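Peer 1:
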Amino acid sequence: MLASLPHARLFPPGPPPPARPNTHPRANTTPPSTHQLPEVSSVLNRAAWAFHLAEYPDRPFVSSLLHIIDYGANIGFVGPEYEQASSNLKSAFEFPDSVDAAIAANVAAGRAHGPFPQAPFPDFRSSPLGSITKKRSSKHRLINHLSWPEGQSVNDGIPDAEASISYDFFSSAVEDLVASGRRLILPTVWENEAADIRTW
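In UniProt numbering, the protein residues as written are 1 to 200.
(1) Roughly how many angstroms lie between the CA atoms of Asn155 and Lys139, to the nearest whole one?
(2) Report yes if the C-beta distance between Arg20 and Asp176 is below 8 angstroms; otherwise report no.
(3) Do the stretch 58 to 68 and the stretch 116 to 123 touch if we need at least three Cβ pairs shorter than 8 angstroms?
(4) Residues in its own chain within less than 7 angstroms of Thr34 by CB, not counting five upstream and five downstream?
(5) State the start and end residues of the unbroken beta strand (DSSP E) segment that holds Ile132.
(6) Arg141 to Leu89, Cα distance in whole Å?
(7) Can you tell me where the alpha helix (DSSP H) with His67 in it begins and where it stops?
(8) Mapping DSSP to helix, strand and coil, what is Leu186?
(9) If you drop the 5 nearest sequence neighbours on each side, which residues of the same chain put their C-beta closer than 8 angstroms to that of Ser87?
(10) Taking 8 angstroms as the cut-off, decide whether the C-beta atoms of Ser131 and Phe95 are in contact.
(11) The beta strand (DSSP E) spanning Ile103 covers which residue range?
(12) So which of Arg26, Ala163, Glu83 has the shortest CA-CA distance to Phe124?
(13) Taking only the alpha-carbon atoms, compute the straight-line gap between Met1 and Ala85 and give it to the nearest angstrom.
(14) Consult DSSP for Arg46 and reduce its assignment to one of helix, strand or coil.
(15) Express the C-alpha separation of Ser41 and Gly110 in angstroms, rounding to a whole number.
(16) Does the stretch 151 to 166 touch the stretch 20 to 31, meaning 3 or more C-beta pairs lie closer than 8 angstroms?
(17) Cβ of Gly151 within 8 angstroms of Cβ of Val78?
(18) Out of Thr133, Ser126, Leu53, Ala161, which one is the CA nearest neighbour of Asn144?
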């Protein structure tokens, strides 16, 4: 069945790549049972991801990635749970139209829910929203100040072990591109792709 899907013809799988950094699932290790987890809606094509990762050598990573598509990503928060309200940053009031448009776009794309007239569940937290101008552009970008309040923020509740990453050398990326040959297809069409991953 998978071999008959369009992505199988457009992007035939190549040789398995070597293991990469940042592939340890950490808080997203696939649990032994998922019967109590609600499925999430996602724009990510699970069948396509499963097809192209069928021979990837790091199977726990593949399992975790598919689990994230199905049930969302656990951000690794282990801090105290309590209700928290917040006021938006000054920049949000300076550019209200761009903030409103960004929120509406996220809701329309299924990346966010709301607005809520009241907290949708116990221990609901909100973090301040703001707006920043992109480098070399007049376009504004919505930000969520997850480091507020200092010492008690969402980010403060995520251990460093969950958030640390290591970067590969640029030369390694160049070597991979050269080894892939002239027929390489390198899609660069994703925008705000991190927002397409549901979190909890």
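Quick reminder that beta carbons are idealized off the backbone N, C-alpha and C, glycines included. Here the structure is a predicted model, which is why all the values come from computation and not from measurement.
Peer 2: Reading from the atomic positions:
(1) In the sequence shown, counting from the first residue as 1, residue 155 sits at position 155. In the sequence shown, counting from the first residue as 1, residue 139 sits at position 139. Each residue's Cα considered, the two are about 26 angstroms apart.
(2) Residue numbering aside, residue 20 sits at position 20 when the sequence shown is read from its first letter. Residue numbering aside, residue 176 sits at position 176 when the sequence shown is read from its first letter. Taking 8 angstroms as the Cβ cut-off, Arg20 and Asp176 do not qualify as a contacting pair.
(3) no
(4) Locating residue 34 in the sequence shown gives position 34, where the first residue counts as 1. If we look at Thr34 and ignore the five residues flanking it on each side, its Cβ neighbours are Tyr71.
(5) If you number the sequence shown from 1, residue 132 lands on position 132. Note, Ile132: beta strand (DSSP E), 129 to 133.
(6) On the sequence shown, position 141 is the one that residue 141 refers to. On the sequence shown, position 89 is the one that residue 89 refers to. Rounded to whole angstroms, Arg141 to Leu89 spans 13 angstroms at the Cα level.
(7) Within the sequence shown, residue 67 is the residue found at index 67, counting from 1. His67 -> alpha helix (DSSP H) spans 59 to 71.
(8) The residue you call residue 186 lines up with position 186 of the sequence shown. Reduced to three states, the DSSP call for Leu186 is coil.
(9) The residue given as residue 87 occupies position 87 in the sequence shown. Contacts found: Pro128.
(10) Residue mapping note: residue 131 aligns to position 131 of the sequence shown, counting from 1. Residue mapping note: residue 95 aligns to position 95 of the sequence shown, counting from 1. Taking 8 angstroms as the Cβ cut-off, Ser131 and Phe95 qualify as a contacting pair.
(11) As a position in the sequence shown, residue 103 is number 103, starting the count at 1. That residue, Ile103, is in no beta strand (DSSP E); its alpha helix (DSSP H) goes 96 to 108.
(12) Residue numbering aside, residue 124 sits at position 124 when the sequence shown is read from its first letter. Considering only alpha carbons, the answer is Glu83.
(13) Taking the sequence shown and counting its residues from 1, the one referred to as residue 1 is at position 1. Taking the sequence shown and counting its residues from 1, the one referred to as residue 85 is at position 85. Caution is warranted here: a pLDDT of 46 is assigned to Met1, below 50, making its placement in the model unreliable, and the coordinate value is therefore given only provisionally. Their backbone Cα atoms lie some 48 angstroms apart in a straight line.
(14) Here the question's residue 46 lines up with position 46 in the sequence shown. Arg46 falls in the helix class under three-state DSSP.
(15) Along the sequence shown, read from residue 1 onward, the residue named residue 110 stands at position 110. Along the sequence shown, read from residue 1 onward, the residue named residue 41 stands at position 41. Approximately 8 angstroms, taken between the alpha carbons.
(16) yes
(17) Taking the first residue of the sequence shown as 1, we reach residue 151 at position 151. Taking the first residue of the sequence shown as 1, we reach residue 78 at position 78. Contact: no.
(18) On the sequence shown, position 144 is the one that residue 144 refers to. Out of Thr133, Ser126, Leu53, Ala161, Ser126 has the C-alpha closest to the C-alpha of Asn144.
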